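**Q** Residue numbers (my numbering): 405 to 773.
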Ligand code: SAH
C-alpha cells in the first residue's frame, strides 16, 4: 500500500488532481492550499471549512510533513541557520538572512552535490539524492513557521534563493513544483523577481526553466575563460562558457526587464587580477548582466584563500569602468558556517570516490547542538 501523500509538496494542479482522485471537487484544492501555506496549518482537523468526513479521510490518506529542524543557530549578525533532517541519515541546511526590510531564505535543493566545484564545501560531502518538492518547499514552510512562533525581531521572509546545497537545475522535477508553490497566490505568493535560482551552468536546465517556470536566474561563473573554469567548475567541460552565455541570452528574452546575475567567487591569486576582470567584462558584453562578487569563504581542508579587500575593489572598479553593474556580496553568518559555500549538512555520500576520500566512513557525523 502506498504511504500517505504529503500535500506540502503539491502545487495547485497537483492538489486538484489529488482531490479529483478522492472524488472531491476542485475547490477543495484552494481551501487546503490556503490552510497549509497561508495559515501554516499541519493538521487536517483544524481545517474547519472541510466536512468532518473529509477531514477524517485526509488523515488516513494524506499528511502535511515538513523536514524537522534538528539544529538552529543564530549568527552575531542575525543570520540564522537550520539543519533540517530529511530522512534517517541525511540533513540539509537552510539559512535566513535578514537585511533591513528584506528577509532572504537560502534553500537547499539536493542532499549534497555531484558537481565537484573545487572551492565549495558542499562538494566535499558527495551526493546522496534529490530533495522532493515537499522537502524543498518544506524548508520555507518550516522556517516561516519557526520565525513566526519564535517572535523573532527581523523581517518576514520576502525573498527566496535556491543557493543552498545542491544544483537545482539537476532536480527540476522537484524544483519546478516547489517554485510554483513559492509563486502561487495560494502558496507563498512571491513575485518572480524575489525568487532566484542559482546554477553552476547546467545549460539544458536553463532552457527548461525558461519554459516551465522562469524566475530570477543567477549563474556561478567564477572565471572568464574555459581553461580556468574547467578547473573551478568542472561541469564547464560539458557546457563551456560560450554555450552557457548563449543559453543565458535566450533566458533573458523570457524575462526581458531582468538582468541575469553572474556570481564570481574571489579566490586569491587564482581568478582575481584586473586582467581577469577585463576578460570577464568582454565576455559579458551583449548579455543583460550584473556581477555579484563573492568573497571566498573558507572551510576545513580548502586550499583557497580569500582575495584581499583591495584586490576585490580593484576588480570591481575594472568591471564598473567597462559598464558592468557590479556589487560585492556581503558575507553573512560566517561565524556559524552559514555563508556562501559553507553549507554542508549531513550527507551520506553514495559515490565511491567520496567514501574513499573519507576512509570509507559513510555513516553520518553526529548532529551538532
Ligand atoms: N549549485 C548552484 C547553487 C549553489 S549557490 C550554483 O553553483 O550556483 C551557492 C553560491 O555560492 C554559488 O555561486 C557558489 O559558486 C558559491 N560558493 C561556493 N563555494 C563558495 C565559497 N567557499 N565561498 C564563497 N562562495 C562560494
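Idealized CB from N, CA, C, for every residue including glycine. These figures come from a predicted structure and were not determined experimentally.
How many Å lie between residue 609 and residue 617 at the Cα?
**A** Translated into positions along the chain shown, residue 609 becomes position 205. Translated into positions along the chain shown, residue 617 becomes position 213. Each residue's alpha carbon lies about 11 angstroms from the other.
**Q** Just to confirm my understanding: we take residue 440, look at its own chain, exclude 5 residues before and 5 after, and list those with CB closer than 7 angstroms. What are they?
**A** As a working mapping, residue 440 is identified with position 36 in the chain shown. Contacts found: 411, 412 and 468.
**Q** Using CA atoms only, rank isn't needed, just tell me which of 432, 657, 542 and 671 is closest to residue 496.
**A** Here residue 496 refers to the residue found at position 92 when the chain shown is read from its first residue. Per the Cα distances, 542.
**Q** Taking just the CA atoms, how far does residue 433 sit from residue 406?
**A** The residue you call residue 406 lines up with position 2 of the chain shown. The residue you call residue 433 lines up with position 29 of the chain shown. Straight-line Cα distance between these residues: approximately 21 angstroms.
**Q** Can you tell which of 538, 444 and 415 has its C-alpha closest to the C-alpha of residue 490?
**A** Here the question's residue 490 lines up with position 86 in the chain shown. Out of 538, 444 and 415, 538 has the C-alpha closest to the C-alpha of residue 490.
**Q** Taking the Cβ atom as the reference point for each residue, do residue 738 and residue 696 lie within a distance shorter than 7 angstroms?
**A** Looking up residue 738 in the chain shown gives position 334. Looking up residue 696 in the chain shown gives position 292. Not in contact: residue 738 and residue 696 (Cβ atoms no closer than 7 angstroms).
**Q** Which residues does DSSP pair with residue 410 in a beta bridge?
**A** Your numbering for residue 410 matches position 6 in the chain shown. For residue 410, which the question treats as bridged, DSSP gives the partners 467.
**Q** Just list the beta strand (DSSP E) runs in the region 435-494, keeping only unbroken ones of 3 residues or longer that don't cross its boundaries, in chain order.
**A** 472-478 and 484-489
**Q** To the nearest angstrom, how far is the alpha carbon of residue 583 from that of residue 572?
**A** Sequence index remark: in the chain shown, residue 583 carries index 179 (1-based). Sequence index remark: in the chain shown, residue 572 carries index 168 (1-based). Their backbone Cα atoms lie some 11 angstroms apart in a straight line.
**Q** Any chance the region 718-728 sits against the region 479-486, with 3 or more Cβ pairs inside 8 angstroms?
**A** no
**Q** In terms of alpha-carbon separation, which member of 502, 564, 470 and 472 lies closest to residue 479?
**A** For this step, residue 479 is matched to residue 75 along the chain shown. The shortest Cα separation from residue 479 among 502, 564, 470 and 472 belongs to 502.
**Q** Looking only at its own chain, which residues have a Cβ that is under 6 angstroms from the Cβ of residue 525, when we skip the five neighbours before and after it?
**A** Position 121 of the chain shown, counted from the start, is the residue given in the question as residue 525. Same-chain partners within the cutoff: 703, 745, 746 and 748.
**Q** Spell out the partners DSSP gives residue 750 in its beta bridges.
**A** Working through the chain shown from its first residue, we reach residue 750 at position 346. 495, per the DSSP bridge assignment.
**Q** If you follow the alpha helix (DSSP H) that residue 609 is part of, which residue opens it and which one closes it?
**A** Along the chain shown, read from residue 1 onward, the residue named residue 609 stands at position 205. Secondary structure note for residue 609: its alpha helix (DSSP H) is the uninterrupted segment 607-616.
**Q** Do residue 513 and residue 566 count as a contact pair if the criterion is CB distance below 7 angstroms?
**A** Your numbering for residue 566 matches position 162 in the chain shown. Your numbering for residue 513 matches position 109 in the chain shown. Yes, they are a contact pair.
**Q** Can you tell me whether residue 598 is buried or exposed, with buried defined as 16 or more other CB within 10 angstroms of its CB?
**A** Start at 1 with the first residue of the chain shown, and residue 598 comes out as number 194. That one is buried.
**Q** Which same chain residues end up closer than 7 angstroms to residue 743 when comparing Cβ atoms and leaving out the 5 residues on each side of it in sequence?
**A** Counted from its first residue, the chain shown places residue 743 at position 339. Cβ neighbours of residue 743 beyond the five flanking positions: 701, 735, 736 and 737.
**Q** Measure the alpha-carbon distance for residue 536 versus residue 570 and round it to whole angstroms.
**A** Walking along the chain shown from the start, residue 536 turns up at place 132. Walking along the chain shown from the start, residue 570 turns up at place 166. Rounded to whole angstroms, the separation of the alpha carbons of residue 570 and residue 536 is 13 angstroms.
**Q** Within 6 angstroms: the Cβ of residue 711 and any heavy atom of the ligand SAH?
**A** The residue given as residue 711 occupies position 307 in the chain shown. No, Cβ of residue 711 sits at least 6 angstroms from all heavy atoms of the ligand SAH.
**Q** Does DSSP put residue 507 in a helix, in a strand, or in coil?
**A** Counting from 1 along the chain shown, the entry for residue 507 is found at position 103. Strand, per DSSP.
**Q** In this structure, how does DSSP classify residue 763 when only helix, strand and coil are distinguished?
**A** As a first step, residue 763 must be located in the chain shown, where it is residue number 359. Its pLDDT being 46, under 50, residue 763 is placed unreliably in this model, and the coordinates cannot settle the point.
**Q** Would you check whether the ligand GDP has a heavy atom nearer than 6 angstroms to the C-beta of residue 592?
**A** Inclusion of the ligand GDP in the displayed structure is not the case, the ligand content consisting of the ligand SAH alone.
**Q** At the level of alpha carbons, what is the spacing between residue 437 and residue 445?
**A** Your numbering for residue 437 matches position 33 in the chain shown. Your numbering for residue 445 matches position 41 in the chain shown. For residue 437 and residue 445, the distance between alpha carbons rounds to 10 angstroms.
**Q** Output the boundary residues of the beta strand (DSSP E) element that contains residue 670.
**A** Along the chain shown, one-based indexing puts residue 670 at 266. Unbroken beta strand (DSSP E) run through residue 670: 664-670.
**Q** I need the straight-line Cα distance from residue 602 to residue 624, nearest angstrom please.
**A** Locating residue 602 in the chain shown gives position 198, counting from the first residue. Locating residue 624 in the chain shown gives position 220, counting from the first residue. Cα to Cα, the separation comes out at about 7 angstroms.
**Q** Three-state secondary structure (DSSP) at residue 419?
**A** Position 15 of the chain shown holds residue 419. In the structure shown, residue 419 sits in a helix (DSSP, three-state: H, G or I).
**Q** Under three-state DSSP, which class holds residue 772?
**A** Locating residue 772 in the chain shown gives position 368, where the first residue counts as 1. Note that residue 772 scores 36 on pLDDT, short of 50, meaning its location in the model is unreliable and no value can be drawn from it.
**Q** In angstroms, rounded to a whole number, what distance separates the CA positions of residue 550 and residue 466?
**A** In the chain shown, the residue the question calls residue 550 occupies position 146. In the chain shown, the residue the question calls residue 466 occupies position 62. For residue 550 and residue 466, the distance between alpha carbons rounds to 23 angstroms.
**Q** To the nearest angstrom, how far is it from the Cα of residue 772 to the Cα of residue 741?
**A** Position 368 of the chain shown, counted from the start, is the residue given in the question as residue 772. Position 337 of the chain shown, counted from the start, is the residue given in the question as residue 741. In this predicted model, residue 772 has a pLDDT of only 36, less than 50, meaning its place in the structure is not dependable; the value taken from the coordinates is given anyway. Taking the straight line from one Cα to the other gives about 12 angstroms.
**Q** Which of the three DSSP states is assigned to residue 394 in this structure?
**A** Only positions 405 to 773 of the chain appear in the structure, and residue 394 is not among them; the question remains open.
**Q** Residues in its own chain within less than 6 angstroms of residue 423 by CB, not counting five upstream and five downstream?
**A** Translated into positions along the chain shown, residue 423 becomes position 19. Around residue 423: 432 and 433.
**Q** Which residues in the same chain as residue 716 place their Cβ atom closer than 8 angstroms to its Cβ, once the five residues preceding and following it in sequence are excluded?
**A** In the chain shown, counting from the first residue as 1, residue 716 sits at position 312. Excluding positions up to five away in sequence, the list reads 670, 676, 697, 699 and 732.
**Q** Work out the CA separation of residue 682 and residue 653 for me, nearest whole Å.
**A** Against the chain shown, residue 653 aligns to sequence position 249. Against the chain shown, residue 682 aligns to sequence position 278. For residue 653 and residue 682, the distance between alpha carbons rounds to 20 angstroms.
**Q** Could you spell out where the beta strand (DSSP E) holding residue 558 opens and where it closes?
**A** Mapped onto the chain shown, residue 558 falls at position 154. Unbroken run through residue 558: none, as it is neither H nor E.
**Q** Taking only the alpha-carbon atoms, compute the straight-line gap between residue 769 and residue 492 and give it to the nearest angstrom.
**A** Taking the chain shown and counting its residues from 1, one reaches residue 769 at position 365. Taking the chain shown and counting its residues from 1, one reaches residue 492 at position 88. At residue 769 the pLDDT is 37, less than 50, meaning the model places this residue with poor confidence and gives no usable figure here.
**Q** Does the distance between the C-beta of residue 603 and the nearest non-hydrogen atom of the ligand SAH fall short of 6 angstroms?
**A** As a first step, residue 603 is located in the chain shown; it is residue number 199 there, counting from the start. Yes, the ligand SAH has a heavy atom inside 6 angstroms of this Cβ.
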